[in-house]
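In what follows, a structure is listed as structure tokens, so that the remarks can point back to it.
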Amino acid sequence: MIVVMGATGATGNALLHSLLALDTPVRALTRTPHKPIPGITGAHQKPVEVQYADATDPRSLHTAFRGASQLFLAMANSPAQVELETRVIDIAAHTGIGHIVKVSAPAAEPDSPVAISRGHHAVEEHLRASGLTPTVLRPYAFMQNLLRLAPTVTQGGIILGTTGDAACNYIDCRDIGDVAAAALTSPGIAGGTYTLTGPEAVSYPELASRLTTLTGNQVRYVDLTPDELRANLIHNAHMPVWLADHVTEIQQLAIARPETPTTTVIDILGRPPRTLDAFLHEHHTPFRRWDAHETVNRPAAQGG
1 MIVVMGATGA
11 TGNALLHSLL
21 ALDTPVRALT
31 RTPHKPIPGI
41 TGAHQKPVEV
51 QYADATDPRS
61 LHTAFRGASQ
71 LFLAMANSPA
81 QVELETRVID
91 IAAHTGIGHI
101 VKVSAPAAEP
111 DSPVAISRGH
121 HAVEEHLRAS
131 GLTPTVLRPY
141 AFMQNLLRLA
151 PTVTQGGIIL
161 GTTGDAACNY
171 IDCRDIGDVA
181 AAALTSPGIA
191 GGTYTLTGPE
201 AVSYPELASR
211 LTTLTGNQVR
221 YVDLTPDELR
231 ANLIHNAHMP
241 VWLADHVTEI
251 QQLAIARPET
261 PTTTVIDILG
271 RPPRTLDAFL
281 HEHHTPFRRW
291 DAHETVNRPA
301 AQGG
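Quick note on our numbering: the sequence shown kicks off at 1 and runs consecutively.
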């Protein structure tokens, strides 16, 4: 039995689809088991075992992990992430799980300039010391997160950021899910550390150009200083300070460490990763609502 933590998140949900397509027994964990899991539970969907679990509730984890042999661990970034994920690992080891696939982050190093990445490094080290088989996935920016830019595009025709002309790696969460499924079902993949990207790195100015072509409306990139972006995220996008810091740090990382695609997805799956253009065409609707003749206040940035 494979247990999936974060079943309602982008990567966890993608993994569920991948495992169900392989007819693999899976237990989806959620804090709201009474609510349908998108595309998984409900009428005419394949049966999947859904169970309550909360990383802040050790008893629920002991119950949820019972009888399972493998665990997919993906939790939303937060100041409590290290504490929660190390607790999950310890309980998994205690209940007999032998293999964990953890979603980490690029630059997961003890001296990383990104605070969240330093936390992921600490969790990775704890996992490796646990005695369990550790598989670590280090995906770059999720294409799905680009949908958070839609309000600024539709309201003002702009993308705000602090990356300059630096190119950024993006990856579709469905490719992460497929790689995770391979790691959970193919013994030769388990135990590795994998950096995951799409097939190309794209700058914000280039993204703006592609959205202009896609929507027929002019979209431009406005480059801010890190302090300006951070203030905008806090005061206009109403992000908590730690998250505004994180967004600013990862965008600056793209400048400090030029990003280039890896071949990991095709090496593992035998097919190329999904392209950014394909993703934008599939999800074009949220970007098509801007009236070029409407006067609006300068909108809030939504992250990177």
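Note that beta-carbon positions come from the ideal geometry of N, C-alpha and C, so glycine has one too. Here the structure is a predicted model, which is why all the values come from computation and not from measurement.
Where residue i falls, given that 16 or more other Cβ within 10 Å makes a residue buried
i: L22; result: exposed
i: T11; result: buried
i: S117; result: buried
i: T264; result: buried
i: A256; result: exposed
i: A53; result: buried
i: A129; result: exposed
i: V241; result: exposed
i: T154; result: buried
i: E282; result: exposed
i: I89; result: buried
i: G131; result: exposed
Residue j beta carbon less than 8 Å from that of residue i
i: G164; j: R220; result: no
i: G6; j: A74; result: yes
i: A208; j: R230; result: no
i: L20; j: I2; result: no
i: G161; j: P261; result: no
i: C168; j: A254; result: yes
i: V114; j: E124; result: no
i: I37; j: Q70; result: no
i: H126; j: E109; result: no
i: G9; j: A64; result: no
i: R274; j: D172; result: yes
Inter-residue Cα distance where the pair is residue i and residue j
i: I100; j: Q218; result: 45 Å
i: D175; j: G188; result: 18 Å
i: D267; j: A55; result: 33 Å
i: Y170; j: T212; result: 19 Å
i: H284; j: L214; result: 7 Å
i: H17; j: V82; result: 27 Å
i: H34; j: S60; result: 16 Å
i: R210; j: V202; result: 10 Å
i: Y204; j: V222; result: 9 Å
i: V179; j: T24; result: 15 Å
i: Q311; j: S186; result: Since the first residue of the chain shown is 1 and the last is 304, residue 311 is not available in this structure.
i: E200; j: P58; result: 41 Å
i: G192; j: G216; result: 44 Å
i: N232; j: L84; result: 29 Å
i: L269; j: Y194; result: 13 Å
i: L224; j: I234; result: 14 Å
i: T32; j: G177; result: 21 Å
i: I159; j: E228; result: 14 Å
i: A278; j: M239; result: 29 Å
i: S112; j: H62; result: 33 Å
Identity of the residue in the options nearest residue i by Cα
i: G67; options: H94, L84 and E83; result: H94
i: N13; options: G39, T32 and K35; result: G39
i: F287; options: A278, A150, H34 and S130; result: A150
i: N236; options: Y194, E259 and T152; result: T152
i: V247; options: C173, V4, L146 and D57; result: L146
i: E206; options: E249, L276 and P258; result: L276
i: Q251; options: A278, A166 and L280; result: A166
i: P258; options: A107, R31, F279 and G177; result: A107
i: E305; options: P226, G177 and G131; result: The shown model of the chain, from 1 to 304, leaves out residue 305, and the question about it has no answer.
i: L280; options: R148, H62 and D111; result: R148
Supposed close pair residue i, residue j - CB separation, criterion 8 Å
i: R366; j: Q51; result: Since the first and last residues shown for the chain are 1 and 304, residue 366 lies out of range.
i: L15; j: A181; result: 6 Å
i: R138; j: A190; result: The Cβ separation is near 16 Å, so there is no contact.
i: K102; j: P134; result: 7 Å
i: V4; j: L29; result: 6 Å
i: L184; j: F72; result: 7 Å
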